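Counting from 3, one number per residue, gives the positions in the sequence shown under my numbering.
Ideal placement from N, C-alpha and C gives every residue a C-beta, glycine not left out.
For clarity, every value in this text was computed on a predicted model and none was experimentally measured.
What follows is one structure encoded as structure tokens, with my remarks underneath.
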Amino acid sequence: MTISDEKTLRDIQKEFNIYFPYLKIEFYSGHHARGEGSPVQDRLDPELPLSVVRTIHTTGDLKIDPEKKVSEFEQMFSKKYGLNVQVFRKSGNLWMQTTSTDHWTLSEQNRKGGASELYYKEKHNQ
3 MTISDEKTLR DIQKEFNIYF PYLKIEFYSG HHARGEGSPV QDRLDPELPL
53 SVVRTIHTTG DLKIDPEKKV SEFEQMFSKK YGLNVQVFRK SGNLWMQTTS
103 TDHWTLSEQN RKGGASELYY KEKHNQ
């Protein structure tokens with residue numbers, strides 16, 4: 003995934019979702035503390051270009067390690083690119099912030115989201 007000022011937040015969200023179909027990322031105007039959620043009113047419009055919202059204008063390829071803990075992934079976005087990001091996991095037909103499971107890896111989160119969606123669909127005959 004390439005991070006550059008020409009991309010929008012939605013571009014980054016779509017690229018992330020290719021790797022992790024049961025996870026999504028949202029961008030926020032402020033930081034959140036470890037183990038805490040991000041307030042919905044601080045969520046940024048996904049159509050905003052990165053040039054407008056980030057504080058560190060480093061361009062480069064971001065290698066996403068599926069074995070990286072969610073907390074480390076979120077911190078890396080902040081330190082390297084000046085972007086405040088929160089990971090969400092699919093839970094049935096809802097999206098939940100991963101605040102209480104930030105110590106899980108991205109891979110573990112994605113697996114849990116996939117299992118949750120499968121269970122939900124079977125239960126609701128979808």
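If I'm right that residue i touches residue j with Cβ under 8 Å, what's the distance once you round it to whole angstroms?
i, j, result
"Asn-86", "Ser-31", "7 Å"
"Lys-9", "Leu-52", "5 Å"
"Ile-58", "Gly-39", "With a Cβ gap of about 23 Å, Ile-58 and Gly-39 do not count as contacting."
"Glu-28", "Gln-77", "About 16 Å separates the two Cβ atoms, so there is no contact after all."
"Gln-15", "Pro-48", "6 Å"
How many angstroms separate the CA atom of residue i from the CA atom of residue j?
i, j, result
"Arg-91", "Ser-109", "11 Å"
"Lys-82", "His-105", "20 Å"
"Ser-93", "Gly-62", "32 Å"
"Val-55", "Thr-101", "23 Å"
"Leu-50", "Thr-107", "28 Å"
"Ile-20", "Asn-112", "11 Å"
"Lys-4", "Phe-18", "Checking the displayed sequence, the identity of residue 4 turns out to be Thr instead of Lys. If you take the alpha carbons of Thr-4 and Phe-18, they lie about 11 Å apart."
"Pro-68", "Ala-117", "17 Å"
"Ile-66", "Glu-74", "11 Å"
"Leu-11", "His-33", "16 Å"
"Tyr-24", "Thr-103", "15 Å"
"Val-42", "Phe-79", "19 Å"
"Leu-96", "Asp-13", "22 Å"
"Lys-114", "Asp-44", "27 Å"
"Thr-60", "Lys-70", "21 Å"
In the DSSP output, which residue or residues are listed as bridge partners for residue i?
i, result
"Tyr-27", "One detail in the question is off: residue 27 reads as Ile in this sequence, not Tyr. DSSP output for Ile-27 lists Val-89 as bridge partner(s)."
"Trp-97", "Lys-92"
"Ile-5", "Gly-62"
"Arg-45", "Tyr-30"
"Thr-10", "Pro-51"
"Thr-107", "Lys-71"
Following the continuous alpha helix (DSSP H) through residue i, name the residue where it begins and the one where it ends.
i, result
"Phe-79", "72–83"
"Arg-56", "Run containing Arg-56: none; DSSP gives neither H nor E here."
Can we count residue i as close to the ligand ZN, meaning its CB is less than 7 Å from some heavy atom?
i, result
"Ser-80", "With respect to the ligand ZN, the structure shown offers nothing to examine, as it has no ligands at all."
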